[in-house]
Amino acid sequence: MTLLALGDTHGRTNWKKIVANTTFDTVIFIGDYFDTHDNVSAQQQLTNFKEIIAYKRANSDKVILLIGNHDYHYIRPIEETYSGFQDDYAPEIGQLLHEAIGADLMQMCYRHDTYLFSHAGITQTWLTAVGYTGEEPIDSFINALFRTRPGAFRFTVGRNFSPYGDDVCQTPIWVRPKSLMQDAVVGYTQVVGHTTQQRLVINPVVTLIDTLGTSGQFLTIVNGKMKLGN
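Structure (structure tokens):
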């Protein structure tokens, strides 16, 4: 079994070359399809996302599309925006996301054995706060929570008052690596994007893969073992 995990896309198209030249059973996109610090126009972001959705539709059993904070703030009825929000294109972006979520093409979390994938990571503090009791699989709970209470994933100010999201109470689309390492849900290796890295950071507790815009590296998990891909 081979898993392929790709970092934040932000309109970049290098995912196409990676999936075309890598053998895998499942590919996980870690979220953040929109907004950019690169020279990628809104129209290019929209086109790229449409191509990702088409790829998902054509390979529904092997493609997982997770949601990031730069996607979340376009979703109805979320009424908060973050850096990079594109006002002029928000209705069009929001409609595409609304359709994809409504068609069950996107989700908040994905689990495979002891690997747990989300955009930014899952802390025990947040999980307890939203009422998780352990009676159902963690991924099922989080994905159902998004369907029924999407507001549970909004930016959450904690005792650090970090505008960057560096608090253990933060949600799976906002928590930063330092806080996640302090309070990660026990029993899983979490694979996350959200915080840009120059190179992939492989760690048995939290592995950081937001590198598509820097080194271009990606993660493969082959028969349960993490490996660097580039």
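Here this note's numbering is used: position 10 in the sequence shown is 148, and no number is missing along the way.
Glycine included, each C-beta is placed from N, C-alpha and C at the ideal position.
**Request:** Please report the Cβ distance between residue 319 and residue 343, rounded to the nearest whole angstrom; I am assuming they are in contact, meaning their Cβ atoms lie under 8 Å.
**Result:** 6 Å
**Residue range of the alpha helix (DSSP H) that includes residue 284** = 276 to 286
**Item:** Selected residue, minimal CA-CA separation from residue 251, among 366, 362, 241, 367
**Value:** 362
**Request:** Return yes when the Cβ of residue 261 is within less than 8 Å of the Cβ of residue 323, no when it is not.
**Result:** yes
**Asked** Using 8 Å as the limit for Cβ to Cβ distance, is residue 289 near chain C?
**Response** Note that chain C does not occur in the displayed structure, where there is just one protein chain.
**Request:** Taking 8 Å as the cut-off, decide whether the C-beta atoms of residue 202 and residue 166 are in contact.
**Result:** yes
**Prompt:** Who are the Cβ neighbours of residue 191 in its own chain at under 7 Å, not counting the five residues just before and after it?
**Reply:** 238, 243
**Prompt:** Out of curiosity, what's the CA-to-CA distance linking residue 198 and residue 163?
**Reply:** 12 Å
**Prompt:** In the DSSP assignment, what residue or residues form a beta bridge with residue 332?
**Reply:** DSSP output for residue 332 lists no bridge partner at all.
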